[in-house]
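Protein chains in written order, with numbering that gives the first Met the number 0: chain A, 0 to 210; chain B, 0 to 210.
Number of protein chains: 2
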Amino acid sequence: MAHTIAKNPRWRRRKNARPEEIITAALDVFADRGFAATKLEDVARRAGVTKGTIYLYFENKEALFKALIRQTIVPVIAQGEAIAQAFTGSARDLFEKLIREYWRLVGETSLSSIPRLMIAEAVNFPELARFYYEEVVTRGHRLMAGVLERGIKAGEFRSVNVPVATKLAMSPLMHAVVARKAFAACMPEGFDVAKYLDTHIDLYLHGIANS
Amino acid sequence: MAHTIAKNPRWRRRKNARPEEIITAALDVFADRGFAATKLEDVARRAGVTKGTIYLYFENKEALFKALIRQTIVPVIAQGEAIAQAFTGSARDLFEKLIREYWRLVGETSLSSIPRLMIAEAVNFPELARFYYEEVVTRGHRLMAGVLERGIKAGEFRSVNVPVATKLAMSPLMHAVVARKAFAACMPEGFDVAKYLDTHIDLYLHGIANS
DNA sequence: ATTTACTTACTGACCGTTCAGTAAGTAACT
DNA sequence: AGTTACTTACTGAACGGTCAGTAAGTAAAT
Numbered sequence: 000m001a002h003t004i005a006k007n008p009r010w011r012r013r014k015n016a017r018p019e020e021i022i023t024a025a026l027d028v029f030a031d032r033g034f035a036a037t038k039l040e041d042v043a044r045r046a047g048v049t050k051g052t053i054y055l056y057f058e059n060k061e062a063l064f065k066a067l068i069r070q071t072i073v074p075v076i077a078q079g080e081a082i083a084q085a086f087t088g089s090a091r092d093l094f095e096k097l098i099r100e101y102w103r104l105v106g107e108t109s110l111s112s113i114p115r116l117m118i119a120e121a122v123n124f125p126e127l128a129r130f131y132y133e134e135v136v137t138r139g140h141r142l143m144a145g146v147l148e149r150g151i152k153a154g155e156f157r158s159v160n161v162p163v164a165t166k167l168a169m170s171p172l173m174h175a176v177v178a179r180k181a182f183a184a185c186m187p188e189g190f191d192v193a194k195y196l197d198t199h200i201d202l203y204l205h206g207i208a209n210s
Numbered sequence: 000m001a002h003t004i005a006k007n008p009r010w011r012r013r014k015n016a017r018p019e020e021i022i023t024a025a026l027d028v029f030a031d032r033g034f035a036a037t038k039l040e041d042v043a044r045r046a047g048v049t050k051g052t053i054y055l056y057f058e059n060k061e062a063l064f065k066a067l068i069r070q071t072i073v074p075v076i077a078q079g080e081a082i083a084q085a086f087t088g089s090a091r092d093l094f095e096k097l098i099r100e101y102w103r104l105v106g107e108t109s110l111s112s113i114p115r116l117m118i119a120e121a122v123n124f125p126e127l128a129r130f131y132y133e134e135v136v137t138r139g140h141r142l143m144a145g146v147l148e149r150g151i152k153a154g155e156f157r158s159v160n161v162p163v164a165t166k167l168a169m170s171p172l173m174h175a176v177v178a179r180k181a182f183a184a185c186m187p188e189g190f191d192v193a194k195y196l197d198t199h200i201d202l203y204l205h206g207i208a209n210s
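Below you can see the structure in the form of structure tokens.
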């Protein structure tokens with residue numbers, strides 16, 4: 000190709016890469032300041048562009064926020080569904096696997112800030128909240144409910160109220176993700192996630208076991 | 000009508016009542032808009048005063064927010080501690096009582112918005128977060144940990160890892176309070192809290208039972 | 001030479017904060 | 001009980017900083 004490209008252009012035209020880079024930058028900044036307190040100039044700087052560029056790819060601040068939520072978290076759910084589909088072992092093993100997988104994909108990645116963000120901003124963005132609730136929360140619940148039903152049918156689990164037991168299976172995860180982000184600075188001793196997950200799985204399976 | 004002016008002045012001087020009224024109004028408004036999106040004019044209107052009056056009693060918006068958190072939620076913890084102190088029955092009964100009491104005092108009152116508010120704003124108010132974490136979260140955990148230790152010592156409970164089991168006892172409550180506020184508009188079917196609490200207590204006690 | 005991705009400089013609205021002014025309340029002195 | 005002199009709780013308008021959004025200009029790429 001061309002061998003005579005200008006040596007150090009002050010910036011490059013990279014139409015294809017920008018949106019993703021901007022979303023990644025936005026995740027970082029929104030994550031630790033929230034929606035309102037985030038300045039688009041900060042997002043831009045982190046993405047290596049200037050404020051105006053953001054407006055070439057996103058209609059406004061709110062649209063950027065929505066795109067961020069949609070494109071980052073939905074794939075995780077799909078992944079969980081795929082795992083459940085392909086799984087052939089016992090319900091208890093699948094339960095454990097899904098919990099640990101959630102933590103691996105969300106709890107200990109930058110995605111962990113999304114649940115907290117959504118909870119903080121849901122009231123101010125009703126349609127986004129609805130989208131998230133349906134495409135993430137409900138879908139996630141459906142996934143877990145399937146596992147419980149599988150276990151009940153197989154005689155592994157007591158015949159509990161499935162929707163309620165589903166929420167109880169997820170809530171320790173959700174709360175850990177959310178609170179950990181929020182109060183990270185206040186927990187100098189840290190928080191032994193491994194033990195927390197182990198114990199949840201143990202206690203929950205103990206509680207629901209058919210015996 | 001001119002005569003009624005004397006009886007119906009445009010405003011009254013009520014120095015003592017103002018702070019509490021302003022805090023109550025602030026709780027309502029902050030509760031469903033968050034910190035940043037709340038306008039002090041709205042708080043003032045709801046409190047029956049004007050914006051300027053708020054500044055007679057609170058240094059600024061942040062100070063009002065802090066006062067709101069401090070004065071509303073701390074008493075609830077104290078109440079819980081008093082209950083535990085006075086209780087004489089089994090650990091399982093105390094466990095159940097505390098859970099239900101928390102829901103009665105926080106979950107189904109206007110205080111239910113405070114945990115969500117704190118989670119949303121903790122990052123932007125580090126010292127307030129620290130205060131809340133120490134005076135509410137840690138203190139609440141200490142309370143629950145005491146119950147578990149009581150149960151273990153009495154042989155009612157297995158000898159689990161207490162700090163972790165404590166967090167697992169609380170997290171379904173916390174997450175329910177937080178998520179319910181955030182996604183209220185997205186759950187047309189509502190959310191059967193009674194059954195949720197019943198099942199949590201049942202599953203948890205089942206899970207931790209020494210048998 | 002033309003197109004267009006990107007920057008830069010600017011605008012306008014919003015809202016926390018301030019403070020001079022006003023009216024409610026109080027009490028001293030008729 | 002009425003008038004007056006004084007204090008202070010409260011109002012309301014204006015100020016100023018911030019920042020989302022915009023439009024004119026610049027430079028990369030073809």
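Ideal Cβ positions, reconstructed from N, Cα and C, are used throughout, including at glycine.
CB contact below 7 Å: residue i versus chain B
{"i": "Thr198(A)", "result": "yes"}
{"i": "Phe64(A)", "result": "no"}
{"i": "Val177(A)", "result": "yes"}
{"i": "Arg103(A)", "result": "no"}
{"i": "Asn123(A)", "result": "yes"}
{"i": "Leu202(A)", "result": "yes"}
{"i": "Pro114(A)", "result": "no"}
{"i": "Ser210(A)", "result": "no"}
{"i": "Phe182(A)", "result": "yes"}
{"i": "Met143(A)", "result": "no"}
{"i": "Gly206(A)", "result": "yes"}
{"i": "Asp31(A)", "result": "yes"}
{"i": "Val75(A)", "result": "no"}
{"i": "Tyr56(A)", "result": "no"}
Endpoints, alpha helix (DSSP H) assigned at residue i
{"i": "Tyr132(B)", "result": "It is not in any alpha helix (DSSP H) - Tyr132(B) carries neither H nor E in the DSSP assignment."}
{"i": "Ser170(A)", "result": "161–181"}
{"i": "Ala83(B)", "result": "60–85"}
{"i": "Glu20(A)", "result": "17–32"}
{"i": "Arg149(B)", "result": "138–152"}
{"i": "Thr108(B)", "result": "Per DSSP, Thr108(B) belongs to no alpha helix (DSSP H) and is neither H nor E."}
{"i": "Val192(A)", "result": "192–207"}
{"i": "Gly51(A)", "result": "50–56"}
{"i": "Glu95(A)", "result": "90–101"}
{"i": "Leu39(B)", "result": "39–46"}
Proximity of residue i and residue j at Cβ, strictly below 7 Å
{"i": "Ala164(A)", "j": "Leu147(A)", "result": "yes"}
{"i": "Ala46(B)", "j": "Glu20(B)", "result": "yes"}
{"i": "Leu236(A)", "j": "Gly206(B)", "result": "Limits of chain A in this structure are 0 at one end and 210 at the other, which puts residue 236(A) out of reach."}
{"i": "Ala35(B)", "j": "Ala35(A)", "result": "yes"}
{"i": "Arg9(B)", "j": "Tyr56(B)", "result": "no"}
{"i": "Asn209(B)", "j": "Phe124(B)", "result": "no"}
{"i": "Pro114(B)", "j": "Val177(B)", "result": "yes"}
{"i": "Ile85(B)", "j": "Cys185(A)", "result": "Here residue 85(B) turns out to be Ala, not Ile, going by the sequence shown. In this structure, Cys185(A) does not lie closer than 7 Å to Ala85(B) by Cβ."}
{"i": "Glu95(A)", "j": "Ile200(A)", "result": "yes"}
Proximal residues to residue i (C-beta, below 8 Å), its chain only, five neighbours per side dropped
{"i": "Thr3(B)", "result": "With a pLDDT of 30 at Thr3(B), under the threshold of 50, the predicted position of this residue should be treated as unreliable, and no value is reported."}
{"i": "Met211(B)", "result": "For chain B, the structure presents residues 0 to 210; residue 211(B) sits outside this window and is missing."}
{"i": "Asp31(A)", "result": "Ser112"}
{"i": "Tyr131(B)", "result": "Ile68, Ile72, Met117, Ala121"}
Neighbour flag for residue i against chain A, beta carbons, 7 Å
{"i": "Arg9(B)", "result": "no"}
{"i": "Val192(B)", "result": "no"}
{"i": "Ser111(B)", "result": "no"}
{"i": "Pro187(B)", "result": "no"}
{"i": "Leu167(B)", "result": "yes"}
{"i": "Ala25(B)", "result": "no"}
{"i": "Ile118(B)", "result": "yes"}
{"i": "Ala128(B)", "result": "yes"}
{"i": "Tyr132(B)", "result": "yes"}
{"i": "Ala153(B)", "result": "no"}
{"i": "Ile4(B)", "result": "Only weak support is given to the placement of Ile4(B): the predicted model assigns it a pLDDT of 30, under 50, and the value that follows is read from those uncertain coordinates. Judged by the 7 Å Cβ criterion, Ile4(B) is not in contact with chain A."}
6 Å CB neighbourhood of residue i in its chain, flanking five on each side removed
{"i": "Arg149(B)", "result": "Ala90"}
{"i": "Ser158(A)", "result": "Ile151"}
{"i": "Ala5(B)", "result": "Caution is warranted here: a pLDDT of 41 is assigned to Ala5(B), below 50, making its placement in the model unreliable, and the coordinate value is therefore given only provisionally. Around Ala5(B): no qualifying Cβ."}
Own chain, CB closer than 7 Å to residue i, minus 5 neighbours either side, in chain order
{"i": "Glu107(A)", "result": "none"}
{"i": "Ile22(A)", "result": "Ala66, Leu67, Gln70"}
{"i": "Ala25(B)", "result": "Val42, Leu63, Leu67"}
{"i": "Met0(B)", "result": "Low confidence applies here, because Met0(B) scores a pLDDT of 31, under 50, leaving its location unreliable; read the following figure in that light. Excluding residues within five positions, none has a Cβ falling inside 7 Å."}
{"i": "Glu80(A)", "result": "Leu142"}
{"i": "Lys180(A)", "result": "Ser111, Ser112, Arg115"}
{"i": "Ile53(B)", "result": "Ile21, Leu39, Val42, Ala43, Leu63"}
{"i": "Phe190(A)", "result": "Arg179"}
The ligand GTP heavy atom lying under 6 Å from the CB of residue i
{"i": "Val42(A)", "result": "Within the structure as shown, the ligand GTP is missing, as the structure has no ligands at all."}
Should the region 76–89 of chain A be regarded as contacting the region 27–46 of chain A, the criterion being three or more beta carbon pairs within less than 8 Å?
no
Three or more C-beta pairs closer than 8 Å, one from the region 108–123 of chain A and one from the region 110–119 of chain B: is that the case here?
yes
Check whether the region 182–202 of chain B and the region 85–102 of chain B touch, using three or more Cβ-Cβ pairs below 8 Å as the test.
Enough Cβ pairs lie closer than 8 Å, so yes.
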